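Scroll down for the structure; my scribbles are underneath it.
Chains as they are written, first to last, in our numbering: chain F, 206 to 590; chain S, 25 to 251.
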């Protein structure tokens with residue numbers, strides 16, 4: 206502890222360089238904390254804890270539709286409170302830059318399954334009875350200025366009409382919002398009445414992309430998911446049922462091996478940081494060779510001088526690393542919101558990994574400058590030879 | 025009474041590339057305790073090399089060096105570092121203070137190697153700064169001090185651990201005459217009133233006048249007592 210003021214003061218030898226290096230370390234560890242947290246989320250197994258909604262899709266792929274005929278058998282499973290279905294529509298508004306998600310749904314079933322959406326009663330009724338009706342989320346209204354009565358043209362890149370056209374027109378009959386800030390933030394989507402969609406589409410009548418199952422007791426969700434899948438085992442329509450959260454994450458998983466991508470990105474980041482911080486430490490020691498010679502002159506042993514340089518490297522990496530990790534915790538909250546509430550949390554294991562990385566980084570960037578300081582000959586260094 | 029510093033048959037050779045240069049040649053010298061010795065001579069005469077050997081910064085190629093009856097020419101690097109910390113105070117031409125530390129933190133450096141508590145170290149630092157007349161500047165960094173004040177801080181640092189020897193290499197080489205005389209008067213005071221043994225290398229005949237003895241060196245050997 207008695208050497209701490211000396212180590213601390215030495216860090217400030219060149220303030221600008223220190224700040225720039227710290228910023229690099231902070232950015233690297235923030236990225237580390239955040240990406241590792243996301244990676245942990247994506248690599249974690251199925252989690253049914255607290256799940257009150259399940260999604261059932263075709264076992265092979267979510268792109269393969271499931272017949273609506275499965276509905277009664279799903280509804281008959283004890284513990285199932287309400288079942289809705291949904292088909293991704295894939296419509297483009299104006300042009301590709303104006304894409305937002307739309308889903309064709311049975312209005313009543315959908316709104317019963319998602320009490321988090323709020324919609325005035327008269328608009329709900331209008332949505333139920335208007336076959337070409339649509340309801341739009343508050344965020345879309347804010348972006349595009351939609352209002353009730355508007356006709357919204359959408360060009361689906363999946364579904365053609367019976368007349369061969371891909372152009373669909375939907376009438377806005379309601380504007381829904383989230384029950385809280387979190388859900389309000391997710392309201393950038395549009396629901397279409399399944400009636401017009403199913404009647405007018407050229408193929409796939411009587412089928413939907415997924416079933417949405419609202420369970421009465423979240424503690425029963427795992428049993429219900431297993432029961433649904435068991436019902437359709439060895440049938441032409443085998444299913445895969447998972448929590449809504451896991452289903453959302455499965456889309457991101459399709460990008461590729463998230464863990465590998467994260468490792469590759471972090472590898473590149475830390476290789477760069479190794480060079481940046483290593484260069485800082487090397488320069489810091491090279492510029493202070495006469496100072497280390499003075500310390501040795503005063504009686505600091507070779508080992509003590511080595512320890513001082515390593516302590517400086519540790520202090521640098523710890524300060525940058527800890528600030529970066531604290532920022533990662535904040536950033537994880539933001540990302541969690543963007544992932545519709547999926548819990549992106551900087552877990553204790555990530556903190557441990559970060560700490561181990563700080564230690565390894567400090568050794569890697571400090572060891573060669575430390576050895577240089579250790580080996581210096583006092584007489585030569587004082588004479589600046 | 026045996027001398028504080030005893031040098032017998034000391035030679036020092038450096039190899040630079042393919043050249044071997046003999047800087048000191050079979051040198052014998054005794055320095056008594058309480059002496060204030062000025063080593064003079066032209067550049068390259070070997071006076072700084074001799075000072076480095078006495079201060080334990082370097083090892084001789086041949087011969088033996090005893091300080092207080094302890095042979096220091098055979099000590100390992102770590103043992104020599106410990107010996108320096110306990111027995112030698114160094115004063116350099118360019119002060120060699122650590123620029124990121126305040127005056128008091130610079131003075132405290134040698135005490136970090138001792139068992140003294142923080143409070144004891146603080147007390148010793150305050151006393152050393154008082155001796156050199158810089159109590160008011162304790163919290164100033166070197167770049168906030170004049171050259172003379174920086175050299176006083178360096179003297180306080182050399183004194184603070186109460187060393188056996190003070191070793192000074194051109195301590196006034198970077199100072200104007202008036203400031204140089206103030207620093208030399210301080211060294212003289214340390215020698216006369218505190219009994220410190222001082223060995224000083226200087227080119228400056230006026231500086232050498234502050235010493236009790238003056239030795240002249242030439243071509244790696246002692247050329248006799250300087251006037």
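Backbone N, C-alpha and C define an ideal beta-carbon position, used for all residues, glycine too.
Owing to the predicted nature of the structure, the values given are computational and were not obtained by experimental measurement.
Considering only beta carbons, the part of the stretch 492–509 of chain F lying closer than 9 Å to chain S consists of 493, 495, 496, 498, 499, 500, 501, 502, 503, 504, 505, 506, 507, 508, 509, in chain order. The C-alpha of residue 299/F is placed about 23 Å away from the C-alpha of residue 310/F. The three-state reading of DSSP puts residue 412/F in strand, counting E and B together. The Cβ neighbour count for residue 123/S, taken over all protein chains shown within 10 Å, is under 16; the residue is labelled exposed.
Around the beta carbon of residue 26/S, fewer than 16 other beta carbons lie within 10 angstroms, which makes this residue exposed. Under the 10 Å beta carbon count, residue 476/F is surrounded by fewer than 16 other beta carbons and is classified as exposed. Counting along the chain, residue 396/F sits inside the beta strand (DSSP E) bounded by residues 395–398. Taking 7 Å as the cut-off, the Cβ atoms of residue 174/S and residue 121/S count as close.
When 563/F, 585/F, 534/F, 524/F are compared, the shortest CA-CA separation from residue 224/F is found for 524/F. Scanning chain F for C-beta atoms nearer than 7 Å to the C-beta of residue 105/S yields 501, 504, 505, 506, reported in chain order. Taking the beta carbon of residue 207/F as reference, the chain S residues within 7 Å of it are 136, listed in sequence order. For residue 242/S, the secondary structure class from DSSP, reduced to helix, strand or coil, is strand.
Counting only residues of its own chain and dropping the five nearest sequence neighbours on each side, residue 517/F has a CB closer than 8 Å to the CB of 212, 215, 216, 486, 489, 571.
Take the alpha-carbon of residue 259/F and the one of residue 288/F: they are about 10 Å apart.
Within the stretch 212–239 of chain F, contact with chain S at the beta-carbon level (separation under 7 Å) is assigned to 214, 215, 217, 218. Taking a C-beta cut-off of 9 Å against chain S, the contacting residues of the stretch 558–586 of chain F are 582, 583, 584, listed in chain order. Look at the stretch 249–306 of chain F and you find these whole runs of alpha helix (DSSP H), each 4 residues long or longer: 276–280. At a cut-off of 7 Å between C-beta atoms, residue 76/S counts as an interface residue with respect to chain F. In this chain, the alpha helix (DSSP H) harbouring residue 483/F covers 463–492. Under the DSSP assignment, residue 171/S falls in the alpha helix (DSSP H) whose first and last residues are 171–183. One finds 507 in chain F with Cβ atoms closer than 7 Å to the Cβ of residue 101/S, taken in chain order.
Proximity of the stretch 372–389 of chain F to the stretch 324–339 of chain F meets the contact definition, three or more beta-carbon pairs being nearer than 8 Å.
Contacts with chain F at 7 Å (Cβ-Cβ) include residue 108/S.
For residue 206/F, there is no enclosing beta strand (DSSP E), since its DSSP letter is neither H nor E. For residue 133/S, a Cβ of chain F is located within less than 7 Å of the residue's own Cβ.
Rounded to whole angstroms, residue 151/S and residue 536/F show a C-alpha spacing of 53 Å.
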